[in-house]
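A.B. asks: Pasting a structure below so you can have a look.
There are 2 protein chains.
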Amino acid sequence: MLLNQEFLFTPGPTPIPDRVTRAMNQPMIGHRSQAFSQLLEETSTRLKPVFGSTEPVYLVAGSGTSALETAVTNVVTEGDDVIVIVAGAFGDRFANVCEAYGANVHRLDIEWGSACTPDRLEDFIKQLNTEIKAVFATYCETSTGVLNPIKELGKVTKQLTDALFIVDGVSCIGAVPVDMKSWHIDVLVAGSQKALMLPPGLAFIAINDDVKTVIKNCRTKRFYFDLNSYINSYETQKSTPFTPAVSLINGALEVCKMIEEEGMEQVISRHQLLKRMVREGLKAIELPLLVKDEDASPTVTAVKPENSSANELKKLLQQRYSIILGGGQKKLKGEIFRIGHMGYSTPFDILKVLGAIEMAVSQVEGRDVLGKATGKAEEVWSHEL
Amino acid sequence: MLLNQEFLFTPGPTPIPDRVTRAMNQPMIGHRSQAFSQLLEETSTRLKPVFGSTEPVYLVAGSGTSALETAVTNVVTEGDDVIVIVAGAFGDRFANVCEAYGANVHRLDIEWGSACTPDRLEDFIKQLNTEIKAVFATYCETSTGVLNPIKELGKVTKQLTDALFIVDGVSCIGAVPVDMKSWHIDVLVAGSQKALMLPPGLAFIAINDDVKTVIKNCRTKRFYFDLNSYINSYETQKSTPFTPAVSLINGALEVCKMIEEEGMEQVISRHQLLKRMVREGLKAIELPLLVKDEDASPTVTAVKPENSSANELKKLLQQRYSIILGGGQKKLKGEIFRIGHMGYSTPFDILKVLGAIEMAVSQVEGRDVLGKATGKAEEVWSHEL
């Protein structure tokens, strides 16, 4: 390891800012205290603009999958017909959760590496010709680096059905625009260890006010993930029904402050810059990208080498340069590597990872690309200023 | 506040040792890495003696209630007859979780403040005369400070039934003896923010090997809490099925090291000492205890003042001395206050809280008890050495 450092470029978890770590190091407080109520109210309120929500964001102790399960079990009942857009491993997980709870899942399978177009969803809904309880979509499909056009998918859903529109925002919320009301999103969930710059273990659930009645009437058996308990505790006690992950919530408040200081618009455009730098840089050294520009997420980029092995490059980058990347998952296993660039990530981080990739490619593929990806990325950045 | 410090004596969360905080501050690592696999294997193995288990302990990102739900949903199916020993708010919660999943719950109600004797359970089982799927018991009932005689209750359960014996150890595991095999415990769960000296957000589930078949065959709908996924991930990948709470697990490993350095026997006897000091001290100033000595937990002590209001004392202790205590819950609301003394707690902490209580009692009840509780506690401690 270089100076005993590792450079974490996985698409979650991501590096934690020092000030967030310090916030999490505050002495423990009881969760039935006024101090905790203030912390919870402040955090859940300051998260609203990040989630494009008019309602306080609910915080559940658990990881991203617990957020998906909360989204499913509070609105879907056994036997309900639901559509799940599956464009990768996490769409697949949403479908699996729905199936585990007995929903009649209609999978809209999209080729891994492509986004779901509004037309595809429209055609799928029309040919189904069944009453649909909910449409589940993944905003950023972490396994491929695709960003689905949520705004347009929400529009199609509401034009053609009375279904709820439920969105997994785990690996992009905090880095991308979103507006729940005008985008017709009924439930939007996220996890802490992605663009929200926290360790894993905190799940975020934002809901539109209208959906509370659905949640209240949902008969699916649940306890820990029952949003009715959270809604009630927030409203009557400014607290959580079960012991909250206090240290992570302390961190979440600090993250809100960081986002406010930078400005949500600037956070979004920074991620756009990171995306352009990494993509143009990789194109400059002819490393093929899995996803085309217009479908690509600003938070994670998948690379599919043609003249070398993705695993070999990934391994070399780890062993020689202490750069930790994500690998391919399921049907993309061994085919791609993934670069996370979300949350606590600056353009210099892109230069770092591209520099290491240049050296690895030069060695493995035997062609001199030193300085070419970084040079191109610097050009992109320069033009931005 | 005194020097801007607060002194946390709630029965969870508890203060976090500095070295545990530092362990949690380590740079984030990916959870699909060899480093994480090593961390998980080491932690789940070193937790075995703490849980009296021969199997690795499963770690779930979630709080104590998520551990209870995991214990329920992996063995109980809708319509199953189960017995839940309810001697306080957390026995009641276990019953509520069972009910939420459609079990036919037979509540063995015990007066709040008393332990469930083996005879009570024996009589209850005999008069029920029904096939019972599981008996649920709370080791330390946090809401009253009662320690139920788990070893004896397990024995009765197995003598009279074929039921599983499932134990909530949330507020005492890490401070009390336990041996799953010889005590006939099939599932034992705990939370991080009690005697395990961590922030809330990590749930621990220990199982006997025999129960894996039951878990495999259990038809209850579940996904995030499905132990089959955890068992499979541990066995095949030395990992967790869903993103783990990495920072808390780093902390948990440090906690294991602290317990090993002190020695589990010494940890247990330290908690016994804390219990005797706090109880003898409070008796010396004639503050009535809710629970009799033989039923009392070494981790939390409930006080039921006769000549003053529990809430008034609690409030004064917070406002003047920055001592944070727990209040009464549900039917004991306003009747008691509770002193947590588990995990990162030394005899000096008992002297601190008793000193503050002496001052508060002297002021509120108008009788001079200064030095009397602390003096008695010091006497207890001196005799120990």
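Sequence lines, in order, name chains A and B.
With this note's numbering applied, the first sequence has no gaps in its numbers, which climb one by one up to 385 at the end.
With this note's numbering applied, the second sequence has no gaps in its numbers, which climb one by one up to 385 at the end.
Even for Gly, the Cβ is constructed at its ideal location relative to N, Cα and C.
(1) At a Cβ threshold of 7 Å, is S15 (chain A) touching chain B?
(2) Candidates A:Q319, A:C256, A:I357 and A:S269: which alpha carbon is nearest A23 (chain A)'s?
(3) For K133 (chain A), count neighbouring Cβ atoms within 10 angstroms of its own Cβ and tell me buried if that reaches 16, exposed if not.
(4) Using a Cβ-Cβ cut-off of less than 9 Å, list which residues of the segment 203-228 of chain A approach chain B; keep chain order.
(5) Compute the distance between the beta-carbons of V97 (chain A) and E69 (chain A), then report whether it is under 7 Å.
(6) For the alpha helix (DSSP H) that contains F348 (chain B), what are its first and last residues?
(7) Going by DSSP, what residues sit across from L188 (chain A) in a beta bridge?
(8) Note down, one range per segment and in chain order, each alpha helix (DSSP H) of at least 4 residues found wholly within the segment 59-87 of chain B.
(9) Pick out the complete alpha helix (DSSP H) segments inside the segment 34-62 of chain B, 4 residues or longer, and give them in chain order.
(10) Please report the straight-line C-alpha distance between P56 (chain A) and S66 (chain B), rounded to a whole angstrom.
(11) Pair every Cβ in the segment 41-55 of chain B with every Cβ in the segment 28-35 of chain A, then say whether three or more of these pairs are closer than 8 Å.
(12) List the endpoints of the continuous alpha helix (DSSP H) containing A95 (chain B).
(13) Which of the three DSSP states, helix, strand or coil, is assigned to E306 (chain A)?
(14) Nearest CA to the CA of F7 (chain B): which residue from B:V364, B:G375, B:E358 and B:H341?
(15) For a contact meaning CB atoms closer than 7 Å, what does L398 (chain B) contact in chain A?
(16) What residues are listed by DSSP as bridge partners for F7 (chain B)?
(17) Suppose contacts are defined by Cβ-Cβ distances below 7 Å. Is T299 (chain A) in contact with A373 (chain A) by that definition?
(18) Mind checking the segment 91-120 of chain B against chain A and listing, in chain order, the residues whose C-beta falls within less than 8 Å of any C-beta there?
(19) Let me know if R320 (chain A) comes out buried or exposed under the rule of 16 or more other beta-carbons within 10 Å of its beta-carbon.
(20) Is any beta-carbon of chain B found at less than 7 Å from that of T21 (chain A)?
(21) Below 8 Å on C-beta distance, what does G30 (chain B) contact in chain A?
(22) Can you find the residues in the same chain that come closer than 7 Å, C-beta to C-beta, to P177 (chain A), ignoring five residues on each side of it along the sequence?
(23) Could you check which residue in B:G375, B:S229 and B:M264 has the C-alpha nearest to that of V278 (chain B)?
(24) Using only alpha-carbon positions, find the residue among B:V170, B:I350 and B:L153 that is nearest to A163 (chain B).
(25) If distances are taken between C-alpha atoms only, which option among A:Q193, A:E286, A:V211 and A:R338 comes closest to A203 (chain A)?
(26) Counting contacts by CB-CB distance shorter than 7 Å, is F242 (chain A) in contact with chain B?
(27) Classify D349 (chain B) as buried or exposed, calling it buried when 16 or more other Cβ atoms lie within 10 Å of its own Cβ.
(28) Give the secondary structure of I29 (chain B) by DSSP, where H, G and I count as helix, E and B as strand, and everything else as coil.
(29) Pick from B:P118, B:K283, B:F36 and B:T73: whose alpha carbon is nearest that of P241 (chain B)?
(30) Under 7 Å between the Cβ atoms of N74 (chain B) and I215 (chain B)?
(31) Comparing alpha-carbon positions, which option in B:I336, B:Q159, B:V146 and B:G145 lies nearest V419 (chain B)?
(32) Return yes when the Cβ of S33 (chain B) is within less than 7 Å of the Cβ of A89 (chain B), no when it is not.
(33) For N208 (chain B), which residues of its own chain have a beta-carbon under 6 Å away from its beta-carbon, when the five flanking residues on both sides are left out?
(34) Contact defined as beta carbons within less than 8 Å: I believe L40 (chain A) pairs with I173 (chain A). What is the distance between those atoms, to the nearest angstrom?
(35) What are the residues of the segment 61-76 of chain A that lie near chain B, defined by any Cβ-Cβ distance shorter than 7 Å?
(36) By alpha-carbon positions, which one of B:A87, B:L108, B:I16 and B:T220 ends up nearest to A71 (chain B)?
C.D. replies: Let me spell this out:
(1) Correcting the residue type first, residue 15 (chain A) is Pro in the shown sequence and not Ser. Answer yes: the Cβ-Cβ gap between P15 (chain A) and chain B drops below 7 Å somewhere.
(2) Distances from the alpha-carbon of A23 (chain A) to those of A:Q319, A:C256, A:I357 and A:S269 put A:C256 closest.
(3) Buried.
(4) Under the 9 Å Cβ criterion, the segment 203-228 of chain A contributes A203, T220, K221, R222, F223, Y224, F225 and D226.
(5) Yes, the Cβ-Cβ distance between V97 (chain A) and E69 (chain A) is below 7 Å.
(6) It spans P347 to E365 - the alpha helix (DSSP H) in which F348 (chain B) sits, taken as one unbroken run.
(7) For L188 (chain A), the beta-bridge partners assigned by DSSP are A:V167 and A:A206.
(8) Here the runs fully enclosed are 64-73.
(9) Here the runs fully enclosed are 34-46 and 48-51.
(10) Between the alpha carbons of P56 (chain A) and S66 (chain B) lies a gap of roughly 23 Å.
(11) They do not touch, by the three-pair rule.
(12) A89 to A100 is the extent of the alpha helix (DSSP H) around A95 (chain B).
(13) Here E306 (chain A) sits in coil by DSSP.
(14) F7 (chain B) has its Cα closest to that of B:H341, out of B:V364, B:G375, B:E358 and B:H341.
(15) Residue 398 (chain B) cannot be examined here, being either before or after the span of chain B that is shown, 1 to 385.
(16) Per the DSSP secondary-structure output, F7 (chain B) pairs in a beta bridge with B:I323.
(17) With respect to the 7 Å criterion, T299 (chain A) and A373 (chain A) are not classified as neighbours on the basis of their beta carbons.
(18) Listed in chain order, the positions of the segment 91-120 of chain B with a beta carbon within less than 8 Å of a beta carbon of chain A are N96, V97, A100, Y101 and G102.
(19) With fewer than 16 other Cβ atoms inside 10 Å of its own Cβ, R320 (chain A) counts as exposed.
(20) Yes, its Cβ sits closer than 7 Å to a Cβ of chain B.
(21) Here the neighbours are L8, T10, P13, I324 and G326.
(22) Hits under 7 Å: I268.
(23) If we check each option's Cα against that of V278 (chain B), B:G375 comes out closest.
(24) In terms of CA proximity to A163 (chain B), B:L153 leads the group B:V170, B:I350 and B:L153.
(25) Put simply, of A:Q193, A:E286, A:V211 and A:R338 the residue whose alpha carbon is nearest the alpha carbon of A203 (chain A) is A:Q193.
(26) Using beta-carbon distances, F242 (chain A) counts as an interface residue toward chain B, with a partner under 7 Å.
(27) D349 (chain B) comes out buried.
(28) Assignment of I29 (chain B) by DSSP, reduced to helix, strand and coil, places it in the coil class.
(29) It is B:F36.
(30) A Cβ-Cβ contact shorter than 7 Å links N74 (chain B) with I215 (chain B).
(31) With chain B represented from 1 up to 385, any question about residue 419 (chain B) goes unanswered, as that position is not in the structure.
(32) No; because the gap between Cβ atoms is not below 7 Å, this pair is not in contact.
(33) Spatial neighbours of N208 (chain B) in its own chain (CB-CB distance under 6 Å, excluding positions within 5 residues in sequence) are listed in chain order as M180 and D186.
(34) Not quite, the Cβ-Cβ distance comes to about 19 Å (not below 8 Å), so this is no contact.
(35) Cβ proximity to chain B below 7 Å picks out A61, G62, S63, G64, T65, S66 and E69 from the segment 61-76 of chain A.
(36) The closest CA to that of A71 (chain B), considering only B:A87, B:L108, B:I16 and B:T220, is found on B:T220.
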